[in-house]
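For reference, the structure is listed below as structure tokens.
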Amino acid sequence: MKKPTNCTDVFYKVRPIYNAIRSRCLEIPLEKELCVDEQIVPFTGKHSAKQYIKGKPCPWGMKLFFLCGKNGRAYDFIIYQNSIPEFDRSLIKKVGFGAAVVLHLMKRVGDSRGHELYCDNYFSSYYMLQILKHKGIMATCTARVNRFTRPPLLSDKDIKKKPRGFAEEICSTDGDVTMVKWLDNKPANLASNFVAKRLALLHFRRRLAESLVLRNKISGAKRGRPSSLSSPLPVVVPRRPGEVRPSTEIARDGISHFPAHDDGCGTRCKLTGCKGKSRIKCIKCKVHLCLTKDKNCFLSFHT
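With the working numbering as the guide, the letters of the sequence shown map in order to residues 4 to 306.
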């Protein structure tokens with residue numbers, strides 16, 4: 004296929020297939036809860052748009068941005084290149100590239116209100132949350148503080164001195180955007196343009212009482228995320244199945260008791276009184292027994 008004149012689209016050869024797949028995605032009805040994220044399509048050849056994303060199962064390939072629902076369906080997508088023809092360059096200068104991706108994909112929503120959007124800190128910015136707020140789209144995202152005009156929150160160094168679970172909240176002057184910073188395994192920032200329904204006074208007091216009761220029962224920091232349960236669930240550790248000793252009649256019948264070498268670490272000898280470990284196992288009794296030039300537990304066990 005010959006490249007059209009003044010064409011900046013590096014995917015012009017596959018653009019018809021791209022448009023056909025995207026048009027079918029646009030026909031799927033939207034869910035209430037939506038998410039925007041990036042995905043890598045593995046590609047090992049040479050291409051100017053090939054990207055590398057650290058931490059992905061296939062880090063090299065073509066990067067796409069998807070608008071997906073809770074059930075995993077894709078409702079719209081954009082393939083990344085240096086000059087994306089679908090984007091308005093002025094919008095990128097105003098809100099940044101990541102936010103421009105979100106605003107472009109959310110055009111799929113149109114004038115309908117009540118949708119909830121979730122994304123990570125690659126896409127989030129203060130202006131993006133404001134624009135979505137005015138469009139009636141409720142958005143929540145992890146945030147980078149430098150994209151939110153550096154709100155007066157504790158620094159990471161200072162918040163690490165606080166106990167785990169410490170949090171502080173700040174709100175914009177117009178009340179459109181709220182940011183929360185709390186200490187989990189490491190400091191985390193969360194921003195939103197909508198606030199959940201406040202707890203009733205009775206429920207608030209109940210949770211407060213449960214927290215105070217558990218205050219002296221939790222010793223030190225634990226791995227994982229804090230639990231909202233009033234009491235931790237008991238952890239049942241499964242026991243390894245042990246070797247079943249045969250009856251005396253079978254052990255001493257003198258039939259087909261042959262030693263075999265077992266790979267792996269040595270197992271405790273099953274002869275009463277012996278505390279050694281052996282890799283020799285009786286193929287009939289299925290127990291480990293010492294069999295060396297200095298000790299013959301194998302013979303003693305079977306006689």
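Every residue gets a Cβ at the ideal spot worked out from N, C-alpha and C, and that includes glycine.
I'd like to check one pair, residue j with residue i: are the Cβ atoms closer than 8 Å?
i           : j           : result
residue 75  : residue 36  : no
residue 173 : residue 156 : yes
residue 301 : residue 283 : yes
residue 128 : residue 98  : yes
residue 13  : residue 51  : yes
residue 268 : residue 281 : no
residue 120 : residue 135 : yes
residue 33  : residue 116 : no
residue 109 : residue 87  : no
residue 248 : residue 305 : no
residue 170 : residue 184 : yes
residue 101 : residue 125 : yes
residue 38  : residue 122 : yes
residue 69  : residue 40  : yes
residue 182 : residue 151 : yes
Leaving out five residues before and five after residue i in sequence, what residues of the same chain have Cβ atoms less than 8 Å from its Cβ?
i           : result
residue 132 : 142, 144, 179, 180, 194, 195 and 196
residue 45  : 61, 63 and 64
residue 55  : 62 and 63
residue 25  : 79 and 80
residue 146 : 124, 127, 182, 192, 193 and 194
residue 6   : 15
residue 85  : 13, 51 and 52
residue 29  : 78, 79 and 111
Near residue i, which residues of its chain fall below 7 Å by C-beta distance, leaving aside the five closest residues on each side in sequence?
i           : result
residue 295 : none
residue 31  : 76 and 78
residue 277 : 293 and 300
residue 21  : 14 and 82
residue 137 : none
Since residue i and residue j are thought to touch, with beta carbons under 8 Å apart, how far apart are those beta carbons, to the nearest angstrom?
i           : j           : result
residue 57  : residue 43  : Their Cβ separation, rounded to whole angstroms, is 11 Å, which puts residue 57 and residue 43 out of contact at 8 Å.
residue 94  : residue 80  : 18 Å between Cβ atoms; not a contact.
residue 274 : residue 303 : 6 Å
residue 265 : residue 291 : 7 Å
residue 190 : residue 164 : Contact doesn't hold; Cβ gap of about 11 Å is too wide.
Per DSSP, residue i is paired with what?
i           : result
residue 263 : 284
residue 42  : 67
residue 173 : 182
residue 157 : Paired residue(s): none; residue 157 is not in a bridge.
residue 36  : 119
residue 190 : 186
residue 144 : 122 and 194
residue 21  : DSSP output for residue 21 lists no bridge partner at all.
residue 294 : 299
residue 55  : 63
residue 167 : Per DSSP, none; premise fails for residue 167.
residue 270 : 281
Can you list, in chain order, the residues of its chain whose CB lies under 6 Å from that of residue i, leaving out five sequence neighbours each side?
i           : result
residue 221 : Low confidence applies to residue 221: its pLDDT is 49, below 50, so where it sits in the model is not reliable enough to give any reading.
residue 260 : 285, 287 and 305
residue 279 : 272 and 293
residue 49  : none
residue 130 : 98
Taking only beta-carbon atoms, is residue i less than 8 Å away from chain C?
i          : result
residue 44 : Within the model displayed, chain C is absent; a lone protein chain is all it includes.
Restricting to runs no shorter than 3 residues, where is the beta strand (DSSP E) found entirely within the segment 61-142? List check, beta strand (DSSP E) in window: 63-72, 77-82 and 119-122.
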